[in-house]
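Respectively, the protein sequence lines represent chains A and B.
Heads up: the first sequence begins at -7 in this note's numbering, then just goes up one per residue.
Heads up: the second sequence begins at 20 in this note's numbering, then just goes up one per residue.
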Amino acid sequence: MEISLTINGMLKTVDVEDENTPLLWIVRDLLDLKGTKFGCGKAACGACTLHVNDEAVRSCSYPVKFVDGKKVTTIEGLGDRENPHPVQQAWIEEIVPQCGYCQPGFMMATAALLNKVPNPTDEDIDNNIINVCRCGTYYRMRKAIHRAAKLQAEINTNETKEI
Amino acid sequence: MGDKSSGAKKVSRRKFLVRGGLGTIGVLAIGTYIFRNAIRREILGTVNSLEMPYTDNTDQPMVWFEVTSENNIVLHSPKMEMGQGAFTGIAQMAADELSVSMQQIQVVHAASSTGNVDSFATGGSTSISGLWQPLRELSAMLRMMLLKEASQKLNIDVTQLQIDDGVISGTGKSLTYAQVAEGVKNWEVPDTPKLKSLKEYKYVGKPIARVDLDAKVFGDPIFGMDAQMPDMLYGAVIRPTKIGSIFVSADIATAENMPGVVKIVVEEDFVGVVAKSMIEAENAKNAINVTWDSYKDLNTEAITKIITVGNGKSTIIQKNGDSLNEEGDLVRLEFRTPIGAHAQIEPNGVVASVDGDSAIVKISTQVVGITRKEVAKRLGLDTDKVNIIPTYLGGGFGRRLHTPHAVQAAVMSKAVGKPVKYFFSRKEEFQHDMFRPPTHHVIKGKLNADGLLHGLEHEFVSGDVGNNSALIPNFLPPIIGADVGAIRGGFIQYSGIPNFKAVYWHVDLPFATSWWRSLGLLANTFAMESFMDEMALKANKNAVEFRLQQIADDAIGVRLKNVIKAAAEKANYSEEIINGRAMGFAASIDANTPCAQVAEVSIIDNEIIVHKVTVSLDPGLAVNPDQIRAQCEGCVIMGMSAVLYEQMFVEDGELTPTIYGPYQMALMKNAPKEIDVVLLQGKDTPGAVGEPPLGPIAAAIANAVRRLTGERLTELPLKLSKLTV
């Protein structure tokens, strides 16, 4: 089955034998984007979180057939070293990662949260950021999420001014 | 427990070779070190204060540095980066002694082909403390070599030269390190030069951002799971679900003919599938019917029965004064901790390529040397024919001190003549973990007329931690009589008590237990510091004062007192319940690093909520204070996760649960909103950091709950009884 998707802004067509193959493996092995991680395969840890049409999705349990014609964004497409996404910028400023393995999933989940709730309260964070981090970086992540909200608000303000 | 500094190590029998290479100018600094086996040197009583030095017992040359044509230094690290920040501290130490900027240092994992293979492991909170002296000496030596060479090339006396960010200059002329190194055939190797003073360091001691920060924020493919090789196939290994299963036979007929299957590999000790894709390998694996023999129908109750003080063989690991008798007002409490899983998010995975008489293995491992040895042995190769290429670790926590999957991948690769990648499923991770062993503790104490402890005795039993591990030589346990890992934190640290005793009991469990970050420290400190709190209450004394009054004024005692005072002061420690919140206090010493913590806890909707934790740590000299803070924060959260939620069960012979969620762990909503860290410096060299802060957290929380509810919780994970809420 052929599936067309826009991955990190680029239109791609992938040929898959089984349309129920989890999106994670298409992204990692076919599209060779390794930033999205395998943690549990059962949507229980969130390491594989990416965006489908700007919504956070746990890609290890998301059949690839559902992304046909849709927009998929991974950590590689969220931002880069030259133009980091506010979430990535905040992660850098708070020096969040330890082992780093779960962090792309958390950053993708955070970016999706900020799209919906631009200035999340601690309660919003508690209810929406439900991935697992074994190193215990939650304390810095919470600070980084608040910081990212501020950075994003500043960008939005500046953009408004320019108009 | 003495304050044994590990700063006296000297670089010995050093030699520096020069080698040209693609993209490098080719200075390769090579040296060997005196082998100092810390475990053999310090038996028993001081094991608790042990700081493992960086050890190496090989005569082989070791590659440490390369100077690149861009005038950068590539530093090949024998210590792995698993989140603990080792690479950053290593870069800081080397940059300062090499007189280059942080941006000019690139730290990479040393492949075993560099010879720079750690004979111990990345573990035991030893990376920075162990490399502190030798790495700075090697860096200084390289700087001197470059300086002397520059002196000849520029025809300027060494004393007239200065170095700034890898550029040597004097009397208007200058050369970069890269220019100096170019074309040099014979290097003059100096004696170990005098190291710079701490004041001269630009980076050591500063809260420099992690060197791997960008790679981890932008999703670079740096982990073992991300490793690939050209033409790679995918493997899967069939694992039993029941404890104690022995492989009998496998029916592979169906699987052999399934799509994508290249080969079914049947060995004496495992059955593996190699297929063109990961999913095809998994499908074929599921179609193989394996017969396992002699599984035992075990349950948690049976394990608990085994883990009971009085079973097995006992060893007195510490004794002072007289034993306690049963007369008078003897307090006796029992504590239990459960089986714990590592639950690191990156599953164990590996890519191996065996080609004729050599092998390449890419893997996230904490034991490069052991991984290499085991692969070489199984394939019948010399160790120098096996190149282990380590990757970043998606969490270590002790889980990656065992790498039999490297052997399995290598065997599968040899069978098909192509590289094979394979990794554990999450269920396999949970069922085939090398677990944190369950423990049981019996503690007795008696107060004197002044309300201080007349005597204190700790007897405890644990599954293996160090015993039966490839890291601990087989001859050692019979000599020591105790498991060097299980006894961590099991000693009496209140050296002012006149009579005390600690006794370790050894039993065998039917499943593998092993190293879990901080080893015995978490369980032992939970029991000991909960008991201390109970005795303080009985003595009607402030918990902090009660502790301070019973610590002797030796070096480690003074440092312990200082962290206790600092934590109490910083947290404004009080025994009043304010707004429904109580404070719990606890302290510990691990690997010569004392730590004290205050947990602020309340009970909301029958749940224990940890609002704030204050940590006071004395790690000695802080090479990177920010990374030490990060380790404290991480230990508090990983610790509270184990204290409040985590527990493996044995049901019908199977270890369970096998997925996150049912294996409950701390999430964002559970983590304290405030973690306040105070760092003290009670000695002038760096000490252990990555594990010691896991000591106090369990008792700190339990002691706060005791003050809120009146109930002494004696089992992890802490659960409120219906009566108290």
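Ideal placement from N, C-alpha and C gives every residue a C-beta, glycine not left out.
Since the structure is predicted, the reported quantities are computational estimates derived from the model, not experimental observations.
Which residues in the same chain have their Cβ closer than 6 Å to the Cβ of G515(B), if we skip the five residues on either side of it in sequence?
Numbered from 1 along the second sequence, position 496 holds the residue referred to as residue 515(B). Q569, I570, A571.
From the DSSP output, in three-state form, read off H421(B) for me.
Taking the first residue of the second sequence as 1, we reach residue 421(B) at position 402. H421(B) falls in the coil class under three-state DSSP.
Report buried or exposed for I616(B), applying the criterion of at least 16 other Cβ atoms within 10 angstroms of its Cβ.
For the purposes of this step, residue 616(B) is taken as residue 597 along the second sequence, with counting starting at 1. One point to set straight first is that residue 616(B) is Gln, not Ile, in the sequence displayed. With at least 16 other beta carbons inside 10 angstroms of its own, Q616(B) counts as buried.
Starting from the Cα of G191(B), find the closest Cα among N174(B), N308(B), A200(B) and give me that residue.
Indexing the second sequence from 1 puts residue 191(B) at position 172. When only C-alpha atoms are compared, the closest one is N174(B).
Thinking C-alpha only, which one of S193(B), I499(B), H361(B) is nearest G415(B)?
As a first step, residue 415(B) is located in the second sequence; it is residue number 396 there, counting from the start. Considering only alpha carbons, the answer is H361(B).
Indicate whether T102(A) and A140(A) have their beta-carbon atoms separated by less than 8 Å.
Start at 1 with the first residue of the first sequence, and residue 102(A) comes out as number 110. Start at 1 with the first residue of the first sequence, and residue 140(A) comes out as number 148. Yes, Cβ-Cβ distance for T102(A) and A140(A) is below 8 Å.
Find the nearest neighbour of K221(B) within the set A269(B), S120(B), D483(B), judged by alpha-carbon distance.
Within the second sequence, the letter at position 202 stands for residue 221(B). Selection A269(B), S120(B), D483(B) evaluated against K221(B) yields S120(B) as nearest (Cα-Cα).
Counting only beta-carbon atoms, is K4(A) nearer than 8 Å to chain B?
Here residue 4(A) refers to the residue found at position 12 of the first sequence. At a cut-off of 8 Å between beta carbons, K4(A) makes no contact with chain B.
List, in order along the chain, the chain A residues whose C-beta lies closer than 7 Å to that of A228(B)?
Indexing the second sequence from 1 puts residue 228(B) at position 209. At a beta-carbon threshold of 7 Å, the residues of chain A lying near A228(B) are I87, ordered along the chain.
Roughly how far, in whole angstroms, is the beta-carbon of G417(B) from the beta-carbon of W534(B), given that I think they are within contact range, below 8 Å?
As a working mapping, residue 417(B) is identified with position 398 in the second sequence. As a working mapping, residue 534(B) is identified with position 515 in the second sequence. At roughly 3 Å, the Cβ-Cβ gap stays under 8 Å, so G417(B) and W534(B) are in contact.
Is there a Cβ from chain A that is less than 8 Å from the Cβ of M687(B)?
One-based indexing of the second sequence puts residue 687(B) at position 668. Using beta-carbon distances, M687(B) counts as an interface residue toward chain A, with a partner under 8 Å.
My parser needs the alpha helix (DSSP H) runs of 4 or more residues fully inside the segment 142 to 187 of chain B; what are they?
Uninterrupted alpha helix (DSSP H) stretches at least 4 residues long and entirely within the segment 142 to 187 of chain B occur at 146 to 173, given in chain order.
Any C-beta of chain A within less than 7 Å: which residues of the segment 583 to 604 of chain B qualify?
none
Would you call the CB atoms of A104(A) and E47(A) closer than 8 Å?
Taking the first residue of the first sequence as 1, we reach residue 104(A) at position 112. Taking the first residue of the first sequence as 1, we reach residue 47(A) at position 55. Yes, the Cβ-Cβ distance between A104(A) and E47(A) is below 8 Å.
Please check the pair V79(A) and L15(A), which I expect to be a contact at CB under 8 Å, by giving their CB distance rounded to whole angstroms.
As a working note, residue 79(A) is residue 87 in the first sequence. As a working note, residue 15(A) is residue 23 in the first sequence. That belief does not hold up - the Cβ atoms of V79(A) and L15(A) are roughly 21 Å apart, past 8 Å.
Note down, one range per segment and in chain order, each alpha helix (DSSP H) of at least 4 residues found wholly within the segment 311 to 365 of chain B.
319 to 325
Let me check you understand the geometry: is the CB of V394(B) closer than 7 Å to at least one non-hydrogen atom of the ligand HEM?
Summarising the ligand content, the structure contains no ligands, and the ligand HEM is consequently not present.
Could you list which residues in chain B have their beta carbon closer than 8 Å to that of M133(A), in chain order?
By 1-based counting over the first sequence, the position of residue 133(A) is 141. In chain order: M687.
Output yes if chain B places a C-beta closer than 8 Å to the C-beta of G27(A); else output no.
The residue given as residue 27(A) occupies position 35 in the first sequence. For G27(A), the answer is yes, since a Cβ of chain B falls inside 8 Å of its Cβ.
Would L737(B) and V662(B) be called neighbours here (beta carbons separated by less than 8 Å)?
Here residue 737(B) corresponds to residue number 718 of the second sequence, with the count starting at 1. Here residue 662(B) corresponds to residue number 643 of the second sequence, with the count starting at 1. Yes.
Of the choices V696(B), I678(B), S660(B), P691(B), whose alpha-carbon is the least far from that of V684(B)?
On the second sequence, position 665 is the one that residue 684(B) refers to. Before going further, note that residue 684(B) is Met rather than Val in the sequence given. M684(B) has its Cα closest to that of S660(B), out of V696(B), I678(B), S660(B), P691(B).
Got a sec: is the Cβ-Cβ distance from R445(B) to anything in chain A below 8 Å?
Taking the first residue of the second sequence as position 1, residue 445(B) is located at position 426. Yes, R445(B) lies at the interface with chain A (some Cβ there is under 8 Å from its Cβ).
Measure from the C-beta of E40(A) to each C-beta in chain B and report whether the shortest distance is under 8 Å.
Residue 40(A) sits at position 48 when you count from the first residue of the first sequence. In the sequence as displayed, the identity of residue 40(A) is Cys instead of Glu. No, because no Cβ of chain B sits closer than 8 Å to the Cβ of C40(A).
Distance, Cα to Cα, S268(B) vs N305(B)?
Counting from one through the second sequence, the residue named residue 268(B) turns up at place 249. Counting from one through the second sequence, the residue named residue 305(B) turns up at place 286. Rounded to the nearest angstrom, the two C-alpha atoms are 15 Å apart.
Give me the Cα-Cα distance between A35(A) and P96(A), rounded to the nearest whole angstrom.
For the purposes of this step, residue 35(A) is taken as residue 43 along the first sequence, with counting starting at 1. For the purposes of this step, residue 96(A) is taken as residue 104 along the first sequence, with counting starting at 1. If you take the alpha carbons of A35(A) and P96(A), they lie about 15 Å apart.
What are the residues in the segment 29 to 60 of chain A lying within 8 Å of chain B by C-beta distance?
When C-beta distances to chain B are compared with 8 Å, the residues of the segment 29 to 60 of chain A below that value are K29, F30, G31, C32, G33, K34, A36, C37, A39, in chain order.
Alpha helix (DSSP H) containing L105(A): first to last residue?
The residue given as residue 105(A) occupies position 113 in the first sequence. Unbroken alpha helix (DSSP H) run through L105(A): 95 to 108.
Just to check my reading of the structure: G359(B) and M667(B) have Cβ atoms closer than 8 Å, yes? What is that Cβ distance to the nearest angstrom?
The residue labelled residue 359(B) in the question sits at position 340 within the second sequence. The residue labelled residue 667(B) in the question sits at position 648 within the second sequence. 7 Å between Cβ atoms; contact.
When you check each C-beta in the segment 228 to 245 of chain B against every C-beta of chain A, which residues fall closer than 8 Å?
A228, R229, D231, L232, D233, A234, K235, V236, F237, G238, D239, P240, I241, F242, M244, D245
For the segment 500 to 562 of chain B, which segments carrying the beta strand (DSSP E) assignment without a break, of at least 3 residues, lie completely within its bounds, in sequence order?
518 to 525
Note down, in chain order, every chain B residue with its Cβ under 9 Å from the Cβ of R139(A).
If you number the first sequence from 1, residue 139(A) lands on position 147. None at all; the shortest Cβ gap to chain B is about 13 Å.
With a threshold of 8 Å between beta carbons, is D527(B) in contact with chain A?
Along the second sequence, read from residue 1 onward, the residue named residue 527(B) stands at position 508. No, D527(B) lies away from the interface with chain A (no Cβ there is under 8 Å from its Cβ).
Cβ of G92(A) less than 8 Å from any chain B Cβ?
As a working note, residue 92(A) is residue 100 in the first sequence. For G92(A), the answer is yes, since a Cβ of chain B falls inside 8 Å of its Cβ.
Tell me, to the nearest whole angstrom, how far the beta carbon of A39(A) is from that of E86(A); I am working on the premise that it is less than 8 Å.
For the purposes of this step, residue 39(A) is identified with residue 47 of the first sequence, where counting begins at 1. For the purposes of this step, residue 86(A) is identified with residue 94 of the first sequence, where counting begins at 1. The pair is not a contact, with the Cβ atoms about 20 Å apart (cut-off 8 Å).
Leaving aside the five residues before and after A501(B) along the sequence, list all residues of the same chain whose C-beta is less than 6 Å from its C-beta, in chain order.
Here the question's residue 501(B) lines up with position 482 in the second sequence. Around A501(B): T334, I336, Y523.
Could you spell out where the beta strand (DSSP E) holding S488(B) opens and where it closes?
Here residue 488(B) is taken as the residue at index 469 of the second sequence, counted from 1. Run containing S488(B): none; DSSP gives neither H nor E here.
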